[in-house]
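Visitor:
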Amino acid sequence: MPDPLVLGIETSCDETGVALVRGDTLLFDAVASSMDEHARYGGIIPEVASRAHLEAMVPTIRRALGEADVDLSEVDAIAVTAGPGLVGPLTIGASAAKALSIGLDKPLYGVNHIIGHAAVNQLVDGPFTERSMALVVSGGHSSLLLVDDIATDVTELGSTLDDAAGEAFDKVGRLLGLPYPGGPHIDRLAREGDPEAIRFPRGLTARKDQEKHAYDFSFSGLKTAVARWVEACEDSGKEVPVADVAASFAAAVVDVLTAKTIAACRAHDVETLVIGGGFSANSQLRELAAARCAEAGIDLRIPPIRYCTDNGAMIAALGSAVVRAGLPPSDLDIGVDSSMPL
Ligand code: KG4
Ligand code: ZN
Numbered sequence: 016m017p018d019p020l021v022l023g024i025e026t027s028c029d030e031t032g033v034a035l036v037r038g039d040t041l042l043f044d045a046v047a048s049s050m051d052e053h054a055r056y057g058g059i060i061p062e063v064a065s066r067a068h069l070e071a072m073v074p075t076i077r078r079a080l081g082e083a084d085v086d087l088s089e090v091d092a093i094a095v096t097a098g099p100g101l102v103g104p105l106t107i108g109a110s111a112a113k114a115l116s117i118g119l120d121k122p123l124y125g126v127n128h129i130i131g132h133a134a135v136n137q138l139v140d141g142p143f144t145e146r147s148m149a150l151v152v153s154g155g156h157s158s159l160l161l162v163d164d165i166a167t168d169v170t171e172l173g174s175t176l177d178d179a180a181g182e183a184f185d186k187v188g189r190l191l192g193l194p195y196p197g198g199p200h201i202d203r204l205a206r207e208g209d210p211e212a213i214r215f216p217r218g219l220t221a222r223k224d225q226e227k228h229a230y231d232f233s234f235s236g237l238k239t240a241v242a243r244w245v246e247a248c249e250d251s252g253k254e255v256p257v258a259d260v261a262a263s264f265a266a267a268v269v270d271v272l273t274a275k276t277i278a279a280c281r282a283h284d285v286e287t288l289v290i291g292g293g294f295s296a297n298s299q300l301r302e303l304a305a306a307r308c309a310e311a312g313i314d315l316r317i318p319p320i321r322y323c324t325d326n327g328a329m330i331a332a333l334g335s336a337v338v339r340a341g342l343p344p345s346d347l348d349i350g351v352d353s354s355m356p357l
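One point on numbering: in my numbering, the residue at position 295 of the sequence shown is 310, and numbering is uninterrupted.
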């Protein structure tokens, strides 16, 4: 019997993603984004995102089916992001998924967005065959996951106590007068600056934090340190060395992310590390993670950028794993959860 054909729907933030996956094979992944609208406001406006999902949903489903050359009647199961994310946008995706489930009389699976960011890797680099570590970093999350089985056994070792990595980049971007989202702009500027020009603090790395927060992250103190440094520079009438600030700030973020992740791999005897989420587009992170993983003998998997940002393939991939694991479908009255635990 062939593996079931799973249609995945993702709407937790500003991307409307719909994909079709069979087993660990991606048939097609269609994404529509409302980021251009949010960029004008300097941040995601949930109501604007919800309306955009509502408008994009049916065309994006049609596009995925058309490009994959699949008829809706062939779909065996529907997977949808049930959280975490923005409630309004999540609700649009969940409503569409429920309608499909009722209309097709096929099971519905509400799945976790953060686990999805790790699961999508299986479509690119093949199934996880052994215990793996996943670092999921984006504008909304910085989470370190121990993955024994992507469908049934994922443990969160740590997460951010305040700002996510991408969020910290976006806030520092605003502080430096860069357009929203600031992450990619800081990345570009940082490549021209000296990462050792300014020694910014490394959050939650002090010895006193080791016991309770060994694998947690905190970037808001760093953001404040950058703000103070820039203010002091301006007050003294000097020109702010923007590239050096960007490079030193980026170095502080990726130093902590990679050091804690490698320490977790060592502590749990893990030899495969998956990095996902929109922030994994960051070149400082990619370079440092590659260097430190090579040194530690860890196999590093980072998918192409289009599978790092939010997309439907991640949800279809996780849905496919969940269906094959034989887990029961969700009730049709499931709600969405903005801060859904794993
Ligand atoms: O996964 P994603 O598309 O959406 C969320 O779920 O948040 O991630 C977007 C985040 C934004 O904060 C954006 O600034 C950041 O990822 N980002 C980057 C880079 N590309 C995207 N941050 C740093 N360097 C980049 N190259
Ligand atoms: Zn995400």
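All residues carry an ideal CB built from backbone N, CA and C; glycine is no exception.
I need the straight-line Cα distance from L342 to R55, nearest angstrom please.
Guide: 42 Å
Visitor: Check whether the Cβ atoms of L159 and L138 sit closer than 7 Å, and answer yes or no.
Guide: no
Visitor: From the DSSP output, in three-state form, read off M148 for me.
Guide: Under the three-state reduction of DSSP output, M148 falls in the strand class.
Visitor: Given a threshold of 16 other Cβ atoms within 10 Å of its Cβ, counted over all protein chains shown, does L105 qualify as buried or as exposed?
Guide: Label assigned to L105: buried.
Visitor: Given a cut-off of 7 Å on the beta-carbon distance, is the pair S263 and I213 in contact?
Guide: yes
Visitor: Should T273 be labelled buried (16 or more other beta-carbon atoms within 10 Å of its own) or exposed?
Guide: Buried, by the Cβ-count rule.
Visitor: So is E246 buried or exposed if we call it buried at 16+ other beta carbons inside 10 Å?
Guide: exposed
Visitor: On the DSSP bridge list, what partners appear for R37?
Guide: L20, T40
Visitor: On the premise that H128 lies in contact with T170, defined as a C-beta separation below 8 Å, what is that separation, rounded to the nearest angstrom?
Guide: Not a contact, Cβ separation roughly 17 Å.
Visitor: Taking 6 Å as the cut-off, does the CB of D325 come closer than this to any heavy atom belonging to ligand 2?
Guide: yes
Visitor: Considering only C-alpha positions, which residue in the set H132, P17, L303 is nearest to I330?
Guide: H132
Visitor: Closer than 6 Å: is that where the CB of P263 sits relative to any heavy atom of ligand 2?
Guide: Pro is not the amino acid found at residue 263; the sequence shown has Ser there. No - ligand 2 has no heavy atom lying nearer than 6 Å to the Cβ of S263.
Visitor: Here's a check: name, in chain order, each residue in its chain whose Cβ is nearer than 6 Å to the Cβ of A258, leaving out the five neighbours to either side.
Guide: L204, E207, G208
Visitor: Would you please state the rounded distance, in angstroms, between the beta carbons of G327 and I107? I believe it to be under 8 Å.
Guide: Actually they do not touch by this definition, with Cβ atoms about 14 Å apart.
Visitor: Please specify which runs of the beta strand (DSSP E), each continuous and at least 3 residues long, are wholly inside the region 131–213, giving them in chain order.
Guide: Correct list: 147–152, 157–164, 168–174.
Visitor: Does at least one heavy atom of ligand 1 sit under 6 Å from the Cβ of G181?
Guide: yes
Visitor: For L315, which three-state DSSP category applies?
Guide: strand
Visitor: Sorry if obvious, but does the Cβ on S49 come closer than 6 Å to a heavy atom of ligand 2?
Guide: Result no, Cβ not under 6 Å from ligand 2.
Visitor: First and last residue of the alpha helix (DSSP H) that includes I76?
Guide: Where I76 is concerned, the enclosing alpha helix (DSSP H) stretches over 61–83.
Visitor: What do you get for K121, buried or exposed, if any count of 16 or more other CB atoms within 10 angstroms of its CB means buried?
Guide: buried
Visitor: For I130, is the classification buried or exposed, using 16 other Cβ atoms within 10 angstroms of its Cβ as the cut-off for buried?
Guide: The residue is buried, with at least 16 neighbouring Cβ atoms inside 10 Å.
Visitor: Just curious, the beta strand (DSSP E) that G118 is in, first and last residue?
Guide: Not the beta strand (DSSP E): G118 falls in the alpha helix (DSSP H), residues 102–119.
Visitor: Tell me which residues share the same chain as G38 and place their Cβ nearer than 6 Å to its Cβ, disregarding the 5 neighbours each side in the sequence.
Guide: D18
Visitor: May I have the straight-line CA-CA distance separating D325 from G293, to the nearest angstrom?
Guide: 7 Å
Visitor: Tell me which residue opens and which closes the alpha helix (DSSP H) that Y322 is part of.
Guide: 320–323
Visitor: Alpha carbon to alpha carbon, how far is A92 from R301? Give it in angstroms, no decimals.
Guide: In a straight line, the C-alpha of R301 is about 35 Å away from that of A92.
Visitor: What did DSSP end up calling A266 once you bin it into helix, strand or coil?
Guide: helix
Visitor: Per DSSP, what are the beta-bridge partners of I93 in this structure?
Guide: L22, L123
Visitor: How many Å lie between E226 and G218 at the Cα?
Guide: 14 Å
Visitor: Taking the C-alpha atoms as reference points, what is the distance between G103 and P61?
Guide: 6 Å
Visitor: What's the call for M148, buried or exposed, on a 16-neighbour Cβ count within 10 Å?
Guide: Buried is the call here.
Visitor: Have a look at S157 and G236 and give me their C-alpha separation to the nearest angstrom.
Guide: 16 Å
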